[in-house]
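Below is one structure, written out as structure tokens; the observations come after it.
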DNA sequence: TGCTAATCAACAAGTCGTGCTAACTAGCAA
DNA sequence: TTGCTAGTTAGCACGACTTGTTGATTAGCA
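Protein chains in written order, with our numbering: chain A, 1 to 140; chain B, 1001 to 1140.
Pasting the structure below:
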């Protein structure tokens, strides 16, 4: 994702207004590696700006997603999560505590075999599930 | 997934009753490579057994899933899909028509890098998205 | 045969996300 | 500074998907 300042400029360019709500969301996402859901982000935002609505958070995230500034990741755990990291990366998920981390896999592109003649792959998503060091320690 | 006959035996073993509804679902899943949703399966089942309820389909699928006889796959496309193939396999999804195929990736286990010291991977899910030969042909 | 699980219909609820409206606020260009 | 217009808000609703509940009926199987 671009920096909050660059996003402000891009929003202006596109004719979107730069509101305090949007700027707050830019700042909350900047360098955020927690893969928040819209709801989570809303809760944090509401602490700093009581009165901001969940609706606005959803809307701003959709705009950022449409502009390619955030990735929208679905780990099948209910809510969609947002990731300001738009590199070609993948995810590890702790099935105990639900924490998500970005990881890089360098064997890509992967080869596969199956009954899929002529399929043109545009993207590959890899999700590693397991137990993070913290949870392993607690359960040991 | 086991054959319908074996499933009947397993259900009996576990003290579950073998009802016509359950047997129908076993048969519909047997060799099914279409990755149906519960709803889809229900529609097909209802043609052969009018009166079967969606509730029963959901319940039987949950039982099969709990017994490890079907995989329950979430491609982030709304409904959860069920796959009677419980091998260690992955999926390709056409983003145009939504069709899902099973594929095998032999480079696994994959290595990854990132800020995830001591993470114990239990499973890896890979989803290839793109365009299937059929859709590519239509759009050409 | 009879206990008990399974099924069914019908209704509800919960989660996630979006649509709509009406009123107010505020960005930003002239 | 003004004024157009987009953005925000609350509130209500809906839709998709999935599960819970209840109460009556059916049927598996020991």
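Ideal Cβ positions, reconstructed from N, Cα and C, are used throughout, including at glycine. These numbers were taken from a predicted model, which means no experiment stands behind them.
**Proximity test, Cβ basis, 9 Å: residue 1142 of chain B and chain A** = Not covered by the structure: residue 1142 of chain B. The range shown for chain B is 1001 to 1140.
**Prompt:** Any chance the segment 1052 to 1070 of chain B sits against the segment 1013 to 1030 of chain B, with 3 or more Cβ pairs inside 8 Å?
**Reply:** Segments in contact, yes.
**Request:** List the endpoints of the continuous beta strand (DSSP E) containing residue 1120 of chain B.
**Result:** Mapped onto the second chain, residue 1120 of chain B falls at position 120. Counting along the chain, residue 1120 of chain B sits inside the beta strand (DSSP E) bounded by residues 1120 to 1131.
**Message:** Rounded to whole angstroms, what is the Cα-Cα separation between residue 1021 of chain B and residue 52 of chain A?
**Reply:** Taking the second chain and counting its residues from 1, one reaches residue 1021 of chain B at position 21. Taking the first chain and counting its residues from 1, one reaches residue 52 of chain A at position 52. As the crow flies, the alpha-carbon of residue 1021 of chain B is around 50 Å from that of residue 52 of chain A.
**Asked** Excluding sequence positions up to five away, which residues of its chain have a Cβ less than 7 Å from the Cβ of residue 1110 of chain B?
**Response** On the second chain, residue 1110 of chain B is found 110 positions in, with the first residue counted as 1. Result list for residue 1110 of chain B: 1124, in chain order.
**Request:** Would you mind working out which of B/1115, B/1128, B/1007, B/1096 sits nearest residue 1104 of chain B, comparing C-alpha positions?
**Result:** As a first step, residue 1104 of chain B must be located in the second chain, where it is residue number 104. Selected option, being the one with the closest Cα: B/1128.
**Item:** Residue closest to residue 80 of chain A, alpha-carbon to alpha-carbon, out of A/89, A/88, A/70, A/14
**Value:** Residue mapping note: residue 80 of chain A aligns to position 80 of the first chain, counting from 1. When C-alpha distances from residue 80 of chain A are compared across A/89, A/88, A/70, A/14, the shortest belongs to A/70.
**Request:** Return the first residue and the last residue of the beta strand (DSSP E) that residue 14 of chain A is part of.
**Result:** The residue you call residue 14 of chain A lines up with position 14 of the first chain. No beta strand (DSSP E) contains residue 14 of chain A, which DSSP labels as neither H nor E.
**Prompt:** Residues in its own chain within less than 6 Å of residue 1004 of chain B by CB, not counting five upstream and five downstream?
**Reply:** Position 4 of the second chain, counted from the first residue, corresponds to residue 1004 of chain B. By the criterion of a C-beta distance shorter than 6 Å, residue 1004 of chain B is surrounded in its chain by 1026, 1027, 1030, once the five residues flanking it on both sides are discounted.
**Request:** Work out the CA separation of residue 95 of chain A and residue 78 of chain A for me, nearest whole Å.
**Result:** Within the first chain, numbered from 1, the residue matching residue 78 of chain A stands at position 78. Within the first chain, numbered from 1, the residue matching residue 95 of chain A stands at position 95. Each residue's CA atom was taken as its position, placing residue 78 of chain A and residue 95 of chain A some 13 Å apart.
**Request:** Mind the definition here: the segment 33 to 44 of chain A touches the segment 80 to 89 of chain A only if three or more C-beta pairs lie below 8 Å; say whether that holds.
**Result:** By the Cβ criterion, the segment 33 to 44 of chain A is in contact with the segment 80 to 89 of chain A, since at least three pairs of Cβ atoms, one from each stretch, lie closer than 8 Å.
**Item:** residue 105 of chain A: first and last residue of the uninterrupted alpha helix (DSSP H) it sits in
**Value:** Within the first chain, numbered from 1, the residue matching residue 105 of chain A stands at position 105. Careful: residue 105 of chain A lies outside any alpha helix (DSSP H) and carries neither H nor E.
**Message:** Which same chain residues end up closer than 6 Å to residue 102 of chain A when comparing Cβ atoms and leaving out the 5 residues on each side of it in sequence?
**Reply:** Within the first chain, numbered from 1, the residue matching residue 102 of chain A stands at position 102. The answer, listed in chain order, is 85, 89.
**Residues within the segment 1100 to 1116 of chain B neighbouring chain A, beta-carbon criterion of under 8 Å** = Within the segment 1100 to 1116 of chain B, the residues whose Cβ lies closer than 8 Å to any Cβ of chain A are, in chain order, 1101, 1102, 1103, 1104, 1105, 1106, 1107, 1110, 1111, 1112, 1113, 1114, 1115, 1116.
**Request:** Assign residue 1056 of chain B to one of three DSSP states: helix, strand, or coil.
**Result:** In the second chain, residue 1056 of chain B corresponds to position 56, counting from 1. Of the three classes helix, strand and coil, the one that applies to residue 1056 of chain B here is helix, per DSSP.
**Message:** Under 7 Å, CB to CB, which of the residues in the segment 26 to 47 of chain A have a partner in chain B?
**Reply:** Within the segment 26 to 47 of chain A, no residue qualifies.
**Message:** Let's test the definition: count the other Cβ atoms within 10 Å of the Cβ of residue 137 of chain A and tell me whether it reaches 16, buried, or not, exposed.
**Reply:** Translated into the one-based positions of the first chain, residue 137 of chain A becomes position 137. Flag for residue 137 of chain A reads exposed.
**Request:** Return the first residue and the last residue of the beta strand (DSSP E) that residue 82 of chain A is part of.
**Result:** As a working note, residue 82 of chain A is residue 82 in the first chain. In the DSSP assignment, residue 82 of chain A falls within the unbroken beta strand (DSSP E) covering 81 to 83.
**Request:** Please report the Cβ distance between residue 100 of chain A and residue 1116 of chain B, rounded to the nearest whole angstrom; I am assuming they are in contact, meaning their Cβ atoms lie under 8 Å.
**Result:** Your numbering for residue 100 of chain A matches position 100 in the first chain. Your numbering for residue 1116 of chain B matches position 116 in the second chain. 10 Å between Cβ atoms; not a contact.
**Assumed close pair residue 1133 of chain B, residue 119 of chain A - CB separation to whole angstroms, cut-off 8 Å** = Here residue 1133 of chain B refers to the residue found at position 133 when the second chain is read from its first residue. Here residue 119 of chain A refers to the residue found at position 119 when the first chain is read from its first residue. Indeed, because the Cβ distance is near 6 Å, the residues count as touching under 8 Å.
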